[in-house]
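Trainee:
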Amino acid sequence: MTRGFAGLWWRADGEAGVLAFDNMQAREIKGDTDWKEYEVVLEIPEKTININFGVILPGDGKAWFVDLKVDIGGQASVLGSLSPALLQTYNLAVARGQISAQDLPDTLSPSTKSNRLKELERRGLLYRVGEEVIDGGGRRFIYEPVR
52 MTRGFAGLWW RADGEAGVLA FDNMQAREIK GDTDWKEYEV VLEIPEKTIN INFGVILPGD
112 GKAWFVDLKV DIGGQASVLG SLSPALLQTY NLAVARGQIS AQDLPDTLSP STKSNRLKEL
172 ERRGLLYRVG EEVIDGGGRR FIYEPVR
């Protein structure tokens with residue numbers, strides 16, 4: 052870095068705007084530095100509806116980032132608050148690595164299957180990784196567990 056800094060940023064948004072934010076500006080990475088592990092720890096408010104994160108490089112120079120990952124530290128407490136049906140769906144997603152509504156029991160209605168996956172996504176336990184067009188013009192949404 053010749054001017055400016057490099058860092059990580061993390062923001063939690065709610066319906067009315069930003070709920071929590073950190074961009075490492077107070078802990079700027081400047082100049083030539085050896086490889087070092089950095090982290091941003093941010094309390095995610097319960098009313099969060101969207102999480103954004105990334106890397107930042109305002110200024111001149113280059114920065115290299117490797118092995119970026121997001122850990123959801125409170126996952127154990129979140130799992131404990133799930134209904135047995137949602138927990139069963141989540142555990143199936145973890146066991147398979149990916150899940151879609153078609154992977155859930157046929158005894159459930161299509162809307163129940165979809166609602167379970169959407170609720171797990173809303174709670175930050177699953178994220179949508181893709182979609183496929185299926186026979187009849189419908190769509191199949193594919194989810195993976197957040198790790």
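Heads up: take any position in the sequence shown, counting from 1, add 51, and you land on our numbering. Glycine is no exception: its CB is placed at the ideal position from the N, C-alpha and C atoms. These figures come from a predicted structure and were not determined experimentally.
(1) So what does LEU54 bridge to, in DSSP terms?
(2) For the 8 Å Cβ check, are there 3 or more pairs between the region 83 to 95 and the region 134 to 148?
(3) For the putative contact between ARG173 and PHE192, defined by C-beta atoms under 8 Å, what is the C-beta separation to the nearest angstrom?
(4) Return the residue from the list LEU176, VAL184, ASN142 and PHE56 that minimises the CA-CA distance to TRP115.
(5) Report all residues from its chain with a CB closer than 6 Å to the CB of GLU183; omit the five preceding and five following residues, and keep chain order.
(6) Look up PHE104 in the DSSP assignment and give the residues it is bridged to.
(7) Given a cut-off of 8 Å on the beta-carbon distance, is the pair TYR200 and SER160 in contact?
(8) Are the Cβ atoms of LEU70 and PRO96 separated by less than 8 Å?
(9) Would ASN103 pass as a contact of ARG62 if the rule is Cβ separation under 8 Å?
(10) Identify, in the order they occur along the chain, each residue of the same chain with its Cβ nearer than 7 Å to the Cβ of GLY181, setting aside the five sequence neighbours on each side.
(11) When the Cα atoms are used, what is the spatial distance from ALA127 to LEU155?
(12) Quick one: what does DSSP say GLU170 is sitting in, helix, strand or coil?
(13) Should GLY3 go down as buried or exposed, given a rule of 16 or more other Cβ atoms within 10 Å for buried?
(14) Of all the options LYS87, ASN74 and ASN101, which has the alpha carbon lying nearest to the alpha carbon of ALA67?
(15) Could you tell me whether the Cβ atoms of GLU168 and PRO196 are closer together than 8 Å?
Mentor: In brief:
(1) Sequence inspection shows Arg at residue 54; the Leu mentioned does not correspond to that position. Looking at the DSSP assignment, ARG54 forms a beta bridge with ASP111.
(2) no
(3) Contact doesn't hold; Cβ gap of about 14 Å is too wide.
(4) PHE56
(5) ARG191
(6) TRP61
(7) An answer regarding residue 200 cannot be provided, because it is not within the stretch 52 to 198 covered by the chain.
(8) yes
(9) yes
(10) ILE193
(11) Interpretation of ALA127 is limited by its pLDDT of 49, a score under 50 that renders its predicted location unreliable; no figure is taken from the coordinates.
(12) helix
(13) Outside the displayed span of the chain (52 to 198) sits residue 3, for which this structure offers no information.
(14) ASN101
(15) Looking at the sequence provided, one finds Leu at residue 168 rather than Glu. Not a contact, by the Cβ cut-off of 8 Å.
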